[in-house]
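First up is the structure itself, then whatever we jot down about it.
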Amino acid sequence: MSADHDVSFLKPVGDYGQGGVFSAQWWRGFTTDFWRWATTLDHKKIGVMYLCATLFAFFLGGVAALMLRAELFEPTITQQVTDAAGNVVTKTTGELFPGWQSTQGTVTTNNFYNRLFSLHGTLMVFLFIIPAVPAAFGNIFLPIMIGAKDVAFPRLNLMSWYIYLFGGIFAVYSLIAGGVETGWTFYTPYSTSTQWGSVTSMVLGAFILGFSSILTGMNFIVTVHKLRAPGMGWFDMPLFVWAAYATSIIQVLATPVLAITLLMIVFERTFRVGVFDPALGGDPVLFQHFFWFYSHPAVYIMIVPAFGIVSELIAVHCHKRLFGYKAIAFSSIGIAAVSFLIWGHHMFTAESPAANVIFSALTFLVGLPTAIKVFNWVATMYKASITWNTPMLYAMSFLFNFTIGGLTGPPLAVLSTDIHLHDTYFVVAHFHYVMMGGSVIAVLGALHHWWPKFTGKMYNDKAARWMAVLVFVGFNITFFTQFFLGTHGMPRRYATYVPEFTHLHQISTIGSWVLAVGLFGHLLIFAQSLVGGRPAGRNPWGGLTLEWYTDSPPIEHNFPHEPMLTHGPYDYDLVVPPGWDPADYPLPDPETVRKAHGH
Amino acid sequence: MTEQDSHDTPQHLAATGDDLHHEEMFDNDGHFVGAHAHAEHHHVTPFMPMFMTLVILVTLTIITVFTAEYVHLPGFGNLALALIIACIKGTLVAAFFMHLLYDKAINTVVVIASMFAVLLFIVLTMTDIGTRKLHEPLESGEIVVGGGAQWVEKNGKQVVDVKGHYAPAYDAAPGKSVLDAAREAYHAAGGHEAAADHGDGAASADTGHAAEPANADHPTEAPATDGAHANTPASTEPH
Amino acid sequence: MTTVPVNMTKKPEPHETYVHGHHWRSAEDEKDAAKLGMWLFLGTEALMFSGFFCAYAVFRMLYFDTWHESSKYYLNWKIGGFNTLVLLISSFTIVQAIRGAQLGRKMMAFWYLAATNVCALTFLVVKLGWEYLPKIQKGELPGGFFTYGHGPAGTTHDQVFLGIYWVATATHGLHVLIGVFIIGWCMIRTMKGHFGPKNYMFLENTGLYWHIVDIIWIFLFPMLYLVG
């Protein structure tokens with residue numbers, strides 16, 4: 020390894036001169052670094068670019084969500100009132116969005132609301148959650164955690180990033196310029212018959228994004244198979260790697276079906292093929308099968324990497340060997356397998372009763388591996404010396420929210436109750452508890468956990484803890500109320516509601532503001548850390564996985580020498596964490612530990 | 104090539120073994136040795152097996168065409184035969200042309216996993232769409248146009264039998280269908296005038312389309328429909 | 101057995117300009133990884149086409165007799181059968197091209213690749229000239245553009261049949277077309293001497309891609325032309 024590789028991957032190489040931003044020399048330096056990043060094959064740089072892009076998508080989607088909640092602050096009421104002059108006039112209150120004339124006709128408040136929730140859903144699903152963990156954190160940390168220099172196919176990795184960027188720009192442009200009113204699910208016949216907006220280009224954008232997802236998944240599977248460090252067997256891999264591996268399997272096996280589904284919509288809209296069109300002998304419900312065959316497994320693309328993150332967070336910040344390592348590892352693979360069997364539970368009101376019964380029964384299967392994980396995490400925390408820093412708070416927050424999200428799943432998997440709850444705010448609250456309370460909280464936890472590693476800077480942990488509490492409280496205020504709204508019959512995707520729901524909606528909207536303040540606070544804390552954070556050192560938390568053995572930020576090829584594995588990823592009772600003083604880290608008597616673990 | 108000579112050596116067997124046993128590639132000190140052990144083991148494609156594969160594939164194609172065009176099997180017979188032959192052909196291509204037979208097992212695992220996902224997709228989708236008619240109340244006979252309920256004797260009492268579902272009897276004349284009874288009661292109560300407000304409710308009640316929910320709801324003045332209505336699953340109404 | 105260099109990681113192959121990627125421990129590892137990656141990609145191809153197969157299965161079940169009649173009425177099995185044979189032969193020739201590279205016989209690889217591309221182009225020409233063009237002229241187009249009057253069944257069901265026929269064969273044809281370009285690229289690289297006994301990874305993966313195109317046609321042919 021040559022010496023010039025032993026520098027941080029974030030370190031600029033361009034010659035910026037002394038003239039500041041306005042000098043030509045600065046721009047020459049900037050151009051050098053810009054091209055170095057744009058053409059990089061380094062998995063960490065690609066991961067950082069993914070992270071920035073996904074967080075930007077999260078920001079856009081979040082703004083849309085805040086606007087949706089603001090519109091729902093008051094019900095839209097149209098009534099006859101007598102004005103000051105004594106005339107009876109029609110007055111509408113509670114509408115936040117103005118209507119306007121477009122080239123395609125009048126866009127009403129309701130149209131605008133439809134476009135906003137479609138934008139929110141599409142951005143959050145396709146541009147944020149699906150790539151956030153696997154493509155961003157997976158790219159930065161998966162190769163380091165298995166001791167590899169890079170992913171298996173670095174050029175494919177860069178291509179995947181550009182496909183993501185291209186598809187993302189395509190999608191965002193369609194959503195903002197033309198607008199899509201179908202929701203992120205693109206259900207036929209509306210999506211194939213509507214003349215509104217830019218469904219075709221949005222669908223093509225999602226199609227392109229799917230390719231990016233497939234390529235990342237392929238890359239990770241091969242990386243895990245072929246590039247583990249010497250001595251690292253399958254059960255020496257950190258659980259984040261197991262989770263990323265399971266996710267990649269889902270990505271590779273499910274995403275092609277999304278590709279063909281979206282392509283079929285394009286064919287329907289342009290060539291009027293008729294596969295989904297009843298007027299031509301097709302079947303619109305077939306679309307739902309096609310769509311959910313991808314999109315149900317996609318739910319696990321979103322949550323399984325979060326499981327991996329939480330396993331890491333709990334092990335590192337409890338300084339304890341994870342309880343049931345193999346059970347957690349296998350349950351990730353189990354979830355990947357079961358995820359392909361249960362898509363029909365999204366269609367209980369559309370499919371045949373026989374299929375309903377089959378899918379309902381299969382749906383309960385997925386509770387097993389998920390519960391195994393939760394129980395093992397809780398068992399790990401039992402009698403552990405827990406450090407209550409921000410990542411650990413997020414892990415706790417995840418456990419709380421995800422358990423609520425998980426346990427509100429069975430009412431939706433039971434046929435009789437689902438008929439009542441179908442398409443209500445109960446469903447909205449359920450999947451936000453899993454996706455936002457689970458995945459996004461885990462992403463925030465991962466950001467705080469690995470921020471010192473990939474930036475080399477420490478953040479203000481005390482302030483971040485307060486923000487974590489705000490996020491937790493805001494999130495729960497926002498979405499817990501929606502369970503009540505749902506059970507009382509508030510349907511999803513409506514711009515207005517009957518006045519009885521006003522109070523609950525207002526509480527929910529206020530919660531969304533608290534949530535926004537918390538997230539914005541995190542942004543400020545990170546910005547402060549980048550500018551003035553103290554150096555984090557190699558191993559601020561005392562982790563044992565391989566990423567804590569390298570510099571912060573990691574050097575260009577991750578390790579100066581090929582790492583050799585000498586201990587398991589969670590042997591906290593046997594090994595002093597790298598960079599820690601043995602005096603500060605008293606180990607238990609090794610013989611006792613060996614006996615206890617049956618070595 | 105000399106590679107073929109070493110095919111039966113234990114080293115080769117170890118190298119093509121399960122990819123999961125990664126540890127086997129390391130010596131006691133953890134040094135990587137596996138790659139050297141089988142660095143030269145690429146398999147040179149032989150000519151004859153590949154040519155025979157082509158011959159078999161062409162033969163199978165001719166058999167498919169012949170059976171599909173000139174042999175008429177009942178029901179799904181031709182379709183099943185053609186698909187079975189296609190599967191055999193696909194397997195041959197994968198095993199010989201695509202080298203799966205000579206490759207690492209992990210590649211076969213990938214193929215099997217993908218094929219399993221394809222099968223799941225097709226079979227579970229067909230389960231839904233294929234069983235839809237079974238439970239479509241009209242087509243499965245749960246609802247019969249014109250009224251399918253009959254008066255039957257059960258435990259000494261007259262009850263209405265709607266394809267196995269029993270409802271309490273309406274004490275009209277036995278032997279009539281529930282709908283007929285309902286229609287009579289409806290007319291007796293001066294239903295025509297009342298029905299004028301209901302739009303087409305009375306008109307279609309006369310033609311007897313019990314499957315349409317509008318008609319099941321409208322003649323509610325006639326108590327007889329309660330029984331029939333209670334036994335009619337509301338599935339005709341889209342949820 | 102030939103003698104094996106003790107440390108492959110430090111020593112590039114002597115007669116190749118090609119050196120395996122810096123993050124691999126050996127060329128063998130890289131080759132295996134590329135192949136595994138290719139197989140994963142082939143899995144995604146199969147799953148992508150499974151959308152057509154699934155739609156086919158569903159409508160074949162729903163419109164059992166109609167579809168059979170539509171298939172007999174609109175499609176000529178002789179054209180499909182000819183194309184099947186052409187693709188099978190091309191699969192064999194690309195296998196032989198890989199054999200040529202493995203044996204270090206450059207011209208053998210080149211001419212077998214050329215034969216493969218001739219087969220691929222034959223397939224496309226037959227497809228376009230004898231199937232697509234007459235169909236477009238007659239108006240036997242998918243779904244909404246169907247202007248042929250009433251098909252044999254006199255229902256809309258044969259429009260769905262034509263719809264699936266068009267999208268499935270066109271997507272497959274697109275794969276063939278992409279294959280023509282990749283195989284052409286392989287021919288150029290063969291002449292430049294990129295492929296030899298120790299490096300034929302790209303050629304082999306091209307072969308794998310070409311075989312999956314063949315396998316998909318092996319299924320599409322009986323489903324659409326014979327018992328459709």
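Protein chains in written order, with our numbering: chain A, 20 to 618; chain B, 104 to 342; chain C, 101 to 328.
C-beta: ideal position from N, C-alpha, C; glycine also.
Distance from the CA atom of residue 596 of chain A to the CA atom of residue 563 of chain A, rounded to whole angstroms, is 6 Å. Judged by DSSP in its simplified three-state form, residue 195 of chain C adopts helix.
The DSSP-derived three-state label of residue 167 of chain C is helix. Secondary structure at residue 256 of chain B: strand, using DSSP grouped into helix, strand and coil.
The count of Cβ pairs closer than 8 Å, one atom from the segment 346-353 of chain A and one from the segment 259-275 of chain A, reaches three, so the stretches are in contact. Excluding its 5 nearest sequence neighbours in each direction, residue 89 of chain A has C-beta neighbours in its own chain below 8 Å: 115, 528, listed in chain order. Interface residue (Cβ-Cβ distance to chain A less than 7 Å): residue 197 of chain C is not classified as such. Counting C-beta pairs closer than 8 Å gives fewer than three between the segment 281-300 of chain A and the segment 328-347 of chain A, which falls short of the contact rule. Taking 7 Å as the Cβ-Cβ cut-off, the segment 296-313 of chain C approaches chain B at 308, 311, given in chain order. Distance check between residue 155 of chain C and each of B:231, B:259, B:225 places B:225 closest, using alpha-carbon atoms only. Taking every protein chain shown into account, the CB of residue 64 of chain A has 16 or more other CB atoms within 10 angstroms, so this residue is buried. Against chain C, the beta carbon of residue 159 of chain B has no neighbour under 7 Å; the closest one sits roughly 10 Å away.
Straight across, the Cα-Cα distance linking residue 216 of chain A with residue 199 of chain A is about 5 Å.
Among the residues facing chain A, residue 144 of chain C is included, as its CB has a counterpart in that chain under 7 Å away. By alpha-carbon distance to residue 162 of chain C, the top candidate from A:124, A:300, A:489, A:145 is A:300. With respect to chain C, the C-beta atom of residue 279 of chain A has a partner C-beta closer than 7 Å.
When C-alpha distances from residue 256 of chain A are compared across A:56, A:160, A:279, the shortest belongs to A:160.
Among the bridge pairs identified by DSSP, residue 554 of chain A is matched with A:476. In the structure shown, the three-state DSSP call for residue 510 of chain A is strand.
Within the DSSP secondary-structure output, residue 574 of chain A pairs in a beta bridge with A:27, A:577. Counted as a single uninterrupted DSSP element, the beta strand (DSSP E) harbouring residue 125 of chain A occupies residues 124-126. Interface with chain C (7 Å Cβ-Cβ cutoff): residue 183 of chain B is excluded. Beta-bridge analysis with DSSP links residue 110 of chain A to A:98. In this structure, residue 357 of chain A and residue 388 of chain A form a Cβ contact; the two beta carbons are roughly 7 Å apart against a cut-off of 8 Å.
Contact residues of the segment 161-193 of chain C toward chain B are 161, 162, 177, 181, 184, 185, 188, 189, 191, 192 (C-beta to C-beta distance below 8 Å). Within the DSSP secondary-structure output, residue 120 of chain A pairs in a beta bridge with A:125. DSSP, reduced to helix, strand and coil, places residue 408 of chain A outside both helices and strands of the structure shown, so it counts as coil. Secondary structure of residue 158 of chain A (DSSP, three-state): helix. Residue 272 of chain A and residue 360 of chain A have their C-alpha atoms some 13 Å from each other.
Taking a beta-carbon distance threshold of 7 Å, residue 272 of chain C does not count as an interface residue toward chain A.
Neighbourhood of residue 467 of chain A in chain C, by CB distance below 7 Å: empty, with the nearest CB roughly 29 Å away. With a cutoff of 7 Å on beta-carbon distance, residue 504 of chain A and residue 444 of chain A are scored as near each other. The beta-bridge partner set that DSSP reports for residue 296 of chain C consists of C:299. Taking residue 172 of chain A as the centre and dropping the five residues before and after it, the same chain places the C-beta of 238 closer than 6 Å to its C-beta, in chain order. DSSP places residue 58 of chain A in the coil class of the three-state scheme, outside both helix and strand. Per DSSP, reduced to three states, the secondary structure at residue 242 of chain A is helical.
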